[in-house]
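Protein sequences appear in the order of chains X and B.
If you're matching positions, the first sequence starts at 139 in the working numbering and goes up one per residue.
If you're matching positions, the second sequence starts at 139 in the working numbering and goes up one per residue.
A virtual CB, placed ideally from N, CA and C, is assigned to each residue, including glycine.
There are 2 protein chains.
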Amino acid sequence: MAHTPPIPEGSEVFEAAGHDHDHCVDHALQAAETICTREGARLTPLRRQVLELVWRSHEPIGAYDVLARLQREGASDAEDGRPAAPPTVYRALDFLLKYGLVHRIESLNAYVGCAHPQEDHNGQFLICRTCGTAAEIEDDAISAAIRDNAKRIGFAVDRVTVEVSGLCPRCRSDAHA
Amino acid sequence: MAHTPPIPEGSEVFEAAGHDHDHCVDHALQAAETICTREGARLTPLRRQVLELVWRSHEPIGAYDVLARLQREGASDAEDGRPAAPPTVYRALDFLLKYGLVHRIESLNAYVGCAHPQEDHNGQFLICRTCGTAAEIEDDAISAAIRDNAKRIGFAVDRVTVEVSGLCPRCRSDAHA
DNA sequence: CTCGTTATGTTATTTTATAACATTTCAATC
DNA sequence: GATTGAAATGTTATAAAATAACATAACGAG
């Protein structure tokens with residue numbers, strides 16, 4: 139353990155637009171394999187495919203959008219008749235949530251690949267209302283402030299949701315133009 | 139039943155169980171009148187009734203629960219035939235959200251009366267998974283930490299959602315018993 | 001192989017939210 | 001006090017998000 143994750147400086151967290159996304163999808167899938175192996179969890183073809191679809195989207199994607207894409211691709215390896223149904227996707231997403239491979243964005247009813255799947259955390263998000271991108275940050279000051287409050291009040295924290303919506307740097311510049 | 143546990147410091151925010159709730163509903167309605175007058179907004183009987191229903195619940199309440207109670211009470215002063223329909227409630231809730239009289243809890247798809255309606259803020263919530271109570275806090279350290287991050291990244295903040303779920307002091311004590 | 005467990009398929013329904021259009025209410029102006 | 005345009009509410013229908021309940025298949029330990 140104890141290897142410090144690279145902390146994105148400034149607007150690098152919103153680098154989405156121009157980067158090699160295939161690479162980062164592959165990386166995420168690789169990481170997922172590793173984690174599931176370690177946890178004794180089964181990253182089945184279906185779950186893997188759902189994870190890939192979530193990552194490919196790169197912005198938060200709704201369960202029914204995942205479903206639609208799953209249907210287009212033909213579920214998993216099965217090239218049979220019927221299209222996949224909602225529970226298929228929800229179950230896969232629940233699995234991925236459980237192992238911290240995706241996060242759910244409550245304010246959007248949508249899911250996004252977790253940027254730091256090795257750590258146990260809930261994610262903090264900056265969500266651009268224009269381009270839809272959600273940047274995951276993990277700031278100790280925010281976590282600490284929340285933890286301090288909970289402690290003061292005697293509240294036992296289970297899960298923390300931090301979602302900030304607004305305008306990302308790029309869309310902000312565009313708006314000025 | 140367990141005996142009354144020692145109440146930890148700071149648990150006033152979770153005072154819900156024992157207090158004079160009628161009083162605090164009245165107070166909230168009074169404050170709402172004041173704010174709407176100041177803002178030139180119309181707190182119609184329907185909107186007032188919805189606000190009252192949200193407050194009466196004292197824990198976050200779903201739109202359809204509000205609707206059901208509205209129907210039971212007979213919508214507003216109209217004692218006519220048909221029961222109210224969903225848009226009626228959603229529109230009233232939208233109005234109340236707009237003027238900061240209620241907050242929406244994203245992680246519950248539910249609404250709760252705002253504890254500090256005069257100030258412009260988004261609310262930060264500690265939500266007990268056992269008793270369902272949502273305590274609204276307003277902590278500058280949390281706000282500041284989020285603001286700092288946004289600034290560093292160049293993100294223009296619009297709306298901040300902070301929802302912490304877990305166990306409130308009371309339920310925590312009960313769980314130990 | 002066999003048997004219990006886990007995963008997925010399938011059908012139906014529930015819950016949450018909004019679109020679209022009709023009618024009513026309100027209050028400002030004539 | 002009638003006219004009228006805007007705001008609020010009524011009404012009908014449907015969209016979008018999530019889950020319940022039960023059936024079948026795959027998987028892996030013994």
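Original post:
What distance in whole Å lies between the Cβ atoms of residue 307 of chain X and residue 243 of chain X, which are believed to be in contact at a cut-off of 8 angstroms?
Top reply: As a first step, residue 243 of chain X is located in the first sequence; it is residue number 105 there, counting from the start. As a first step, residue 307 of chain X is located in the first sequence; it is residue number 169 there, counting from the start. Not quite, the Cβ-Cβ distance comes to about 20 angstroms (not below 8 angstroms), so this is no contact.
**OP:** Indicate the three-state DSSP secondary structure (helix, strand or coil) for residue 254 of chain X in the structure shown.
**Re:** The residue given as residue 254 of chain X occupies position 116 in the first sequence. Three-state result, residue 254 of chain X: coil.
Original post:
If we cut at 8 angstroms on Cβ distances, does residue 304 of chain X have a partner in chain B?
Top reply: Counted from its first residue, the first sequence places residue 304 of chain X at position 166. True, the Cβ-Cβ gap to chain B drops below 8 angstroms.
**OP:** Please report how far the alpha carbon of residue 210 of chain B lies from the alpha carbon of residue 196 of chain B, in whole angstroms.
**Re:** Within the second sequence, the letter at position 72 stands for residue 210 of chain B. Within the second sequence, the letter at position 58 stands for residue 196 of chain B. Answer to the nearest angstrom: the Cα atoms are 18 angstroms apart.
Original post:
Residues of chain X with CB under 7 angstroms from residue 264 of chain B, in chain order?
Top reply: On the second sequence, position 126 is the one that residue 264 of chain B refers to. 288, 291, 293, listed in chain order.
Subject >> As assigned by DSSP and simplified to three states, the class of residue 171 of chain X >> reply: Within the first sequence, the letter at position 33 stands for residue 171 of chain X. Residue 171 of chain X falls in the helix class under three-state DSSP.
**OP:** Would you identify the three-state DSSP class for residue 311 of chain X, choosing helix, strand or coil?
**Re:** The residue labelled residue 311 of chain X in the question sits at position 173 within the first sequence. Residue 311 of chain X falls in the helix class under three-state DSSP.
Original post:
Would you report the Cα separation of residue 165 of chain B and residue 235 of chain X, rounded to the nearest angstrom?
Top reply: For this step, residue 165 of chain B is matched to residue 27 along the second sequence. For this step, residue 235 of chain X is matched to residue 97 along the first sequence. Cα to Cα, the separation comes out at about 41 angstroms.
**OP:** In the DSSP assignment, find the beta strand (DSSP E) that holds residue 240 of chain X and state where it starts and stops.
**Re:** Locating residue 240 of chain X in the first sequence gives position 102, where the first residue counts as 1. Per DSSP, residue 240 of chain X belongs to the beta strand (DSSP E) from 240-243.
Original post:
Roughly how many angstroms lie between the CA atoms of residue 220 of chain X and residue 298 of chain B, to the nearest whole one?
Top reply: Locating residue 220 of chain X in the first sequence gives position 82, counting from the first residue. Locating residue 298 of chain B in the second sequence gives position 160, counting from the first residue. Approximately 42 angstroms between the Cα atoms of the pair.
**OP:** Rounded to whole angstroms, what's the CA-CA distance from residue 313 of chain X to residue 294 of chain B? Just pull it up for me.
**Re:** The residue you call residue 313 of chain X lines up with position 175 of the first sequence. The residue you call residue 294 of chain B lines up with position 156 of the second sequence. Distance between the alpha carbons of residue 313 of chain X and residue 294 of chain B: 12 angstroms.
Subject >> Closest residue to residue 251 of chain B among B/194, B/177, B/305 (Cα-Cα distance) >> reply: Walking along the second sequence from the start, residue 251 of chain B turns up at place 113. Nearest of B/194, B/177, B/305 to residue 251 of chain B, Cα basis: B/194.
Subject >> Residues bridged to residue 298 of chain X (per DSSP) >> reply: As a position in the first sequence, residue 298 of chain X is number 160, starting the count at 1. Its beta-bridge partners are B/302.
Original post:
Grouping DSSP H, G and I as helix and E and B as strand, with all else coil, what is residue 273 of chain X?
Top reply: Numbered from its first residue, the first sequence carries residue 273 of chain X at position 135. Looking at residue 273 of chain X - three-state DSSP - the assignment turns out to be strand.
Subject >> Nearest-angstrom Cβ-Cβ length linking residue 179 of chain X and residue 255 of chain X, presumed shorter than 8 angstroms >> reply: As a working note, residue 179 of chain X is residue 41 in the first sequence. As a working note, residue 255 of chain X is residue 117 in the first sequence. 12 angstroms between Cβ atoms; not a contact.
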